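Peer 1: Take a look at the following structure, please.
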Amino acid sequence: MSQAWLLRRLLGVVPLLLAISVLLFTIVHLAPGGPTDVYADNPSVTPQALAEIRIAYGLDQPLPVQYLRWASAMARGVWGYSIRTGRPVTTEIAERLPASLLLGGTALALSALLALPIGILSAALRRTAVDRVLTLVSFAGISVPVFWLALMLQLLFSIHWTLLPAAGYETIGDTGVLDHLRHLAMPAAVLSLATIANWSRFLRGSLVDALQQDYVRTAYAKGHGTAGVIVHHALRNALLPVVTIISLDLASLISGAIITETVFAWPGIGRLFVESMDARDYPVLMGLMMLGSLALVLANLCADLVYTLIDPRIRYE
Amino acid sequence: MSERAASPAINGDAAPGAAAAQPQSRGRSFLRRLLRAAPARVSLGFLLLLAATVILVPLCSPYAYDQQDLDLIGQPAAPDGAHWFGTDTLGEDSLTRVFYGGRISLCVGLASALVATLLGTAIGALAGFFGGRVDQWLMRGTDVVLSIPLLPLVLLLSGMFRPGLGSLVLAIGGLTWMATARIVRGQVLSLRELEFVDAARALGAGNGRLILRHILPNAVGPITVSATLAVGSSILLESALSFLGFGVQPPTPTWGNLLNAASPWIGTAPWLALPPGLMIFATVLAVNCLGDALRDALEPKD
Amino acid sequence: MRGPRTPIGARASVAALLLSFALVSSVTSVAAPLPLPSASPVHGGTLTVGISYDIDTLNVYVTAALGDIEAAVVEGLVAPDEHAHYVPVLATEVPTLANGGIELTHQGKAMRVTYHLRPGVLWQDGVPLTSADVKFTWEAVKDPHFLAESKDGCEGVESIDTPDAATAVVNYRSVSPAFASTLFTFGILPRHLLAGKDLNHDPYNDKPLGTGPFMVSEFRRGQYVVLDRNPLYWGRDAAGRPLPYLDRIIFNVIPNSNTLGTLIRAGEILFAPRIPVMLAKQLRGTAGIDLVTGPSLGWSYLDFGMKQVPALRDPAVRRAIAEAINRAALVKAAGNYPQPIHSTVLPVFETLYDPEPDAAVPDYDPAAANAALDLAGYPRGPDGIRVREGRPLELGITTQSGDIDGEIAEQILIAELKAIGIAAYADNKSGIAYRQARYKGAFDLQYGRITTAADPVYSMFYGTHGPLNGRGYTSAAMDAALARMETSLVPEERRAAGAEMQRVFARDLPSLPLLSYVSIAAKTRRLQGYVTNPTNMTDFVGVAHWWLSPRGTAP
Numbered sequence: 017m018s019q020a021w022l023l024r025r026l027l028g029v030v031p032l033l034l035a036i037s038v039l040l041f042t043i044v045h046l047a048p049g050g051p052t053d054v055y056a057d058n059p060s061v062t063p064q065a066l067a068e069i070r071i072a073y074g075l076d077q078p079l080p081v082q083y084l085r086w087a088s089a090m091a092r093g094v095w096g097y098s099i100r101t102g103r104p105v106t107t108e109i110a111e112r113l114p115a116s117l118l119l120g121g122t123a124l125a126l127s128a129l130l131a132l133p134i135g136i137l138s139a140a141l142r143r144t145a146v147d148r149v150l151t152l153v154s155f156a157g158i159s160v161p162v163f164w165l166a167l168m169l170q171l172l173f174s175i176h177w178t179l180l181p182a183a184g185y186e187t188i189g190d191t192g193v194l195d196h197l198r199h200l201a202m203p204a205a206v207l208s209l210a211t212i213a214n215w216s217r218f219l220r221g222s223l224v225d226a227l228q229q230d231y232v233r234t235a236y237a238k239g240h241g242t243a244g245v246i247v248h249h250a251l252r253n254a255l256l257p258v259v260t261i262i263s264l265d266l267a268s269l270i271s272g273a274i275i276t277e278t279v280f281a282w283p284g285i286g287r288l289f290v291e292s293m294d295a296r297d298y299p300v301l302m303g304l305m306m307l308g309s310l311a312l313v314l315a316n317l318c319a320d321l322v323y324t325l326i327d328p329r330i331r332y333e
Numbered sequence: 010m011s012e013r014a015a016s017p018a019i020n021g022d023a024a025p026g027a028a029a030a031q032p033q034s035r036g037r038s039f040l041r042r043l044l045r046a047a048p049a050r051v052s053l054g055f056l057l058l059l060a061a062t063v064i065l066v067p068l069c070s071p072y073a074y075d076q077q078d079l080d081l082i083g084q085p086a087a088p089d090g091a092h093w094f095g096t097d098t099l100g101e102d103s104l105t106r107v108f109y110g111g112r113i114s115l116c117v118g119l120a121s122a123l124v125a126t127l128l129g130t131a132i133g134a135l136a137g138f139f140g141g142r143v144d145q146w147l148m149r150g151t152d153v154v155l156s157i158p159l160l161p162l163v164l165l166l167s168g169m170f171r172p173g174l175g176s177l178v179l180a181i182g183g184l185t186w187m188a189t190a191r192i193v194r195g196q197v198l199s200l201r202e203l204e205f206v207d208a209a210r211a212l213g214a215g216n217g218r219l220i221l222r223h224i225l226p227n228a229v230g231p232i233t234v235s236a237t238l239a240v241g242s243s244i245l246l247e248s249a250l251s252f253l254g255f256g257v258q259p260p261t262p263t264w265g266n267l268l269n270a271a272s273p274w275i276g277t278a279p280w281l282a283l284p285p286g287l288m289i290f291a292t293v294l295a296v297n298c299l300g301d302a303l304r305d306a307l308e309p310k311d
Numbered sequence: 018m019r020g021p022r023t024p025i026g027a028r029a030s031v032a033a034l035l036l037s038f039a040l041v042s043s044v045t046s047v048a049a050p051l052p053l054p055s056a057s058p059v060h061g062g063t064l065t066v067g068i069s070y071d072i073d074t075l076n077v078y079v080t081a082a083l084g085d086i087e088a089a090v091v092e093g094l095v096a097p098d099e100h101a102h103y104v105p106v107l108a109t110e111v112p113t114l115a116n117g118g119i120e121l122t123h124q125g126k127a128m129r130v131t132y133h134l135r136p137g138v139l140w141q142d143g144v145p146l147t148s149a150d151v152k153f154t155w156e157a158v159k160d161p162h163f164l165a166e167s168k169d170g171c172e173g174v175e176s177i178d179t180p181d182a183a184t185a186v187v188n189y190r191s192v193s194p195a196f197a198s199t200l201f202t203f204g205i206l207p208r209h210l211l212a213g214k215d216l217n218h219d220p221y222n223d224k225p226l227g228t229g230p231f232m233v234s235e236f237r238r239g240q241y242v243v244l245d246r247n248p249l250y251w252g253r254d255a256a257g258r259p260l261p262y263l264d265r266i267i268f269n270v271i272p273n274s275n276t277l278g279t280l281i282r283a284g285e286i287l288f289a290p291r292i293p294v295m296l297a298k299q300l301r302g303t304a305g306i307d308l309v310t311g312p313s314l315g316w317s318y319l320d321f322g323m324k325q326v327p328a329l330r331d332p333a334v335r336r337a338i339a340e341a342i343n344r345a346a347l348v349k350a351a352g353n354y355p356q357p358i359h360s361t362v363l364p365v366f367e368t369l370y371d372p373e374p375d376a377a378v379p380d381y382d383p384a385a386a387n388a389a390l391d392l393a394g395y396p397r398g399p400d401g402i403r404v405r406e407g408r409p410l411e412l413g414i415t416t417q418s419g420d421i422d423g424e425i426a427e428q429i430l431i432a433e434l435k436a437i438g439i440a441a442y443a444d445n446k447s448g449i450a451y452r453q454a455r456y457k458g459a460f461d462l463q464y465g466r467i468t469t470a471a472d473p474v475y476s477m478f479y480g481t482h483g484p485l486n487g488r489g490y491t492s493a494a495m496d497a498a499l500a501r502m503e504t505s506l507v508p509e510e511r512r513a514a515g516a517e518m519q520r521v522f523a524r525d526l527p528s529l530p531l532l533s534y535v536s537i538a539a540k541t542r543r544l545q546g547y548v549t550n551p552t553n554m555t556d557f558v559g560v561a562h563w564w565l566s567p568r569g570t571a572p
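Those sequence lines, one after another, are chains A, B and C. Numbering follows this note's numbering, with no gaps: position 257 of the first sequence is 273. Numbering follows this note's numbering, with no gaps: position 293 of the second sequence is 302. Numbering follows this note's numbering, with no gaps: position 343 of the third sequence is 360.
What follows is the structure in structure tokens.
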């Protein structure tokens, strides 16, 4: 892998982030109202205090100047203060991030765990009834509305059979691991459904392609069994394209987390987003959007890097 | 939630629609290939049936979709002879609302997909045809929008401005064109190297004509597939927005806001949540199956 | 999806010392009440509470939400009990003219209120409470740099003297019957902790230090607040045993009403105050759960946006809209909990409420409404919607997004307006945007609910300069009646002025009162000693006396 390419790719991240920040800034400032609205209707806040706040926020400056101030502050790690709570945005996000990471991480792990066997099985047994059923199930997985699925699961597992807790991060007062797992089960299942479906279908597709390659026929000719062929030869090459869609599914996870966290009352950044939307808490919203975009950009970068590392045949000129 | 179906073709590597030599028989054999698979037949049939019912049922129903029944107001009533799907908290007939809501959800889905497809085709065609800096900048723009998580962005937009149907369609369509753009770009890139383009250019065709009359018609296949899949993701997106309280507001029903209204009653009146959710599910499933079958039917290889 | 947040800046004044309002607090269990063994209070137990609003801050003067948690942690000099009578808390008695606690000064134009502090009260960190804390509270709250929601009562104070550690003498600029409202009642701030600090960003806002029965142990934002028993609490029960009974209270933030319902049914949440009516309807009949309805000094209303809509400036149009509303539908949709009202003065305020027909707003009469609109020059168009000068009569109704009860009511209103040819649509706003629209009058029609203190200051809502008169209503007759109502100390005068005010109101219709609300709490049958508090101090004012019967003993 050429050093020049690597360097160019890494540097390319910066203008991308800048462009994203400009877009977000523009959108948010197009909105009617602004950060001082929360004080504007408070009868205790004198017009003088209001003016002071506006100056403190830099709202009296022209828009490009405001953007530069905001962008440089963001780059330095100063993300402003939440309008709703008055605390630093970074604190608000940092408090809620672990819960979302736990949920997202579990969903990803679950996806990998289930998508692999499903994809392999589908490919190995292609065109049989099993494959058709699994394919249909995959389609179902990407077609079902997340919020409805969440509600149905709640109905089934929490209301009808009281097996799992309907919502929350932990039973109040109980901090055992089993308790956490029980709370994690439904949200993680709901969140991972779409990615399981995507990955298994994608894996099936690329595995089927790989299995038709010459080197596979050679392997069979040499006497290797189906399982051996798949695992030792085809899989490695088949996994490669899957890497490219993982980063896109990260976007899906972030979006899906908003709904899942809302229905299951999971105290993560997805719910923080909705709460901040309700309160028009633009500093927090901006912080979350930038964080999400940063995650996506980095994920794409990693995907490219991994792709290059895995497949020695690919060279980016 | 997945806003798009998985597809290896997302990199636009499907073969360019083989030239427009014999459109008639190609069309017929295409249809035959398409309808050969059972899922495609079922999906198409379901969608046609759905279209018919969402138009007819509200017309034939004895209830208006916003007709409140004072006797039944206050608590959802279970399905009975007078109300086959039961009634909601306001005494409105659930069946009528589900099908009327189907109209709205389907229209928004179709319109958004149309906007996304038009936008994506335009951008992809320009990028693919002109190449060079135009391509670079357009693709960079695409990257920028792709790098922002979709649902938060749509929420942000619809939360800030008043949610009318038009602005909703624009918001959804304006943020889901990227996949189409990539596909079209790939198609145009390959197609513009073909001989018939040179021939047309030699005959004096300008760039616009080349793109619109010669190149794009050959890319209709992948564009259609993309458009079909976009309908599914638009419907999911709209219903997610309505479920979260943004998007279309009552009394106008959409499947999403019907689920929003039904969710407090999930424990005591689950029959309210089942039809709208099932409708979304079935419709999106049918659309995705159809799109997949379309793609298969377009491949010259089996 | 949050439930309704009630007193938006409406923590109005209370005139308890000169006039007392006897409110009957009804504790009725909607589920069939089973006879409980009359046990005596038991110490111990953890109460898990579900609240549907997000906690912005734990500083009672700053928060825009109701101060449930603060009421358990922070105490004031006096507090309103379940009958809306003031009782002494940190003061030894409620100052009145009779007991000499209030003296008139400057030839009766100003007054001086003396508080004697209860001896032996310690802050939760062990430091003794003194009058310096009282003085500090006033100085801190009135400080213009302190951005607080509830500063009522500060401006009237001229100065505070502290002759000794147990006495605070508050000198007022004028005679203010409503002095015992926000300041000092909401809570006393600890001088030894907060003197010289910036209250806008102090850790006190996350972990308030009070003198109350519970202390904040942990505050996990967006999730929960854990309160533990204050071992240094001064309160004792009738038998002399130390209060509180409960060991721990955990407040859980559960904005989603379905989730709250599920947790209540599962027994994970033992108490939920002020639940939406929708949730109450779903919980009816659940074993082991009681629904307690208490009077709420609240009512729902439809405001006319006269600033924004010329048509609404015509009293005939307002009258027609009033006649289009069938309150029976609204009551039924709200589970039959509320009562219809026809006056902005709630019937429960017996000394002011005028039941005469000319003091009542018009009742349901769609025929009259249709006739009136025809006469006023709004003929029906081809689609049934009335038009004027080519423009259809279309009005947006604004209510708070996420307020499920409000959104249901809104749908009913939309249907009822459609029946008289007005095309109404939902134009909901959330949180801050909603409050802004209310204050500025940026709405066509506004549906809301408001909860006030025991003696609402109606001039705030209907006076020309009232801060909550966003709709821009102004009337000399109304202002005159309000002025007499709010400065007179003679009950008969107040009643006459009140009647006049209601008559002007019924004629002018600045707003349309719809239903009087009750507050519904869901609680486990095990929770004893709970009484509802109809004021904006919340039920938790009496939390020291609540106790949980051990599992397995209550049916």
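Glycine included, each C-beta is placed from N, C-alpha and C at the ideal position. Because the structure is a prediction, the values reported are computed rather than measured.
(1) Cα separation between Gly286 of chain B and Asp97 of chain B?
(2) Listing by chain order, which chain A residues have their CB less than 8 Å from the CB of Ile314 of chain B?
(3) Starting from Asp85 of chain C, follow the alpha helix (DSSP H) in both directions and report where the run begins and ends.
(4) Can you give me the C-alpha to C-alpha distance between Gln325 of chain C and Val300 of chain A, rounded to a whole angstrom?
(5) Starting from Gln145 of chain B, follow the beta strand (DSSP E) in both directions and report where the run begins and ends.
(6) Just to confirm before moving on: does the CB-CB distance between Pro290 of chain C and Asp85 of chain C stay below 8 Å?
(7) Please report the residue range of the beta strand (DSSP E) in which Thr468 of chain C lies.
(8) Just reading off the alpha helix (DSSP H) that Arg512 of chain C is part of, what are its end residues?
(9) Report the rounded CA-to-CA distance for Asn297 of chain B versus Ser52 of chain B, giving the unit in angstroms.
(10) Closer than 7 Å, Cβ to Cβ, to anything on chain C: give me those residues from the stretch 67-95 of chain B, in chain order.
(11) Ends of the alpha helix (DSSP H) at Met293 of chain A?
(12) Of all the CB atoms in chain C, is at least one closer than 8 Å to the CB of Pro273 of chain B?
(13) Could you name each continuous beta strand (DSSP E) segment of 3 residues or more that falls completely within the stretch 181-236 of chain C, going from the start of the chain to the end?
(14) Kindly provide the ranges of any alpha helix (DSSP H) runs that are 4 or more residues long and lie completely inside the stretch 181-260 of chain B, ordered along the chain.
(15) Can you list, in chain order, the residues of its chain with a C-beta nearer than 6 Å to that of Pro105 of chain C? Leave out the 5 residues immediately preceding and following it.
(16) Does the stretch 57-71 of chain C come close enough to the stretch 514-532 of chain C that 3 or more CB-CB pairs lie under 8 Å?
(17) Take Phe460 of chain C and list the residues in its own chain whose beta-carbon comes closer than 6 Å to its own, dropping the five residues that flank it on each side.
(18) Among residues of its own chain, excluding the 5 on either side of Phe201 of chain C, which ones have a beta-carbon nearer than 6 Å to its beta-carbon?
(19) CB Ala498 of chain C to CB Tyr464 of chain C, shorter than 8 Å?
(20) Starting from the beta carbon of Gln170 of chain A, find every residue of chain B whose beta carbon is closer than 7 Å, and list them in chain order.
(21) Give the interface partners of Pro285 of chain B over in chain C, defined as CB-CB distance under 9 Å, in chain order.
(22) On the criterion of 16 or more Cβ atoms from any shown chain inside 10 Å, does Tyr534 of chain C qualify as buried, or is it exposed?
(23) Give the secondary structure of Met128 of chain C by DSSP, where H, G and I count as helix, E and B as strand, and everything else as coil.
(24) Below 7 Å CB to CB, which residues in the same chain sit around Tyr241 of chain C once its five sequence neighbours on both sides are set aside?
(25) Could one say the Cβ of Gly118 of chain B lies closer than 8 Å to chain C's Cβ atoms, at least one of them?
Peer 2: Looking at the atomic coordinates:
(1) 15 Å
(2) Not covered by the structure: residue 314 of chain B. The range shown for chain B is 10 to 311.
(3) 85-90
(4) 32 Å
(5) First-last for Gln145 of chain B: 141-155, but that is the alpha helix (DSSP H), not the beta strand (DSSP E).
(6) Going by C-beta atoms, Pro290 of chain C is nearer than 8 Å to Asp85 of chain C.
(7) 462-468
(8) 508-525
(9) 9 Å
(10) Contact residues of the stretch 67-95 of chain B toward chain C are Asp75, Gln77, Leu79, Ile82, Gly83, Gln84 (C-beta to C-beta distance below 7 Å).
(11) 285-294
(12) yes
(13) Complete beta strand (DSSP E) runs here, min 3: 184-189.
(14) 187-200, 204-211, 229-252
(15) Excluding its 5 nearest sequence neighbours in each direction, Pro105 of chain C has C-beta neighbours in its own chain below 6 Å: Val95, Val111, listed in chain order.
(16) no
(17) Gly322, Thr415, Ala454
(18) Gly93, Leu94
(19) no
(20) Ile275
(21) Going along chain C, no residue has its Cβ under 9 Å from Pro285 of chain B, so there is no contact; the nearest lies around 16 Å.
(22) buried
(23) strand
(24) Ile267, Phe268, Asn269, Val270
(25) no
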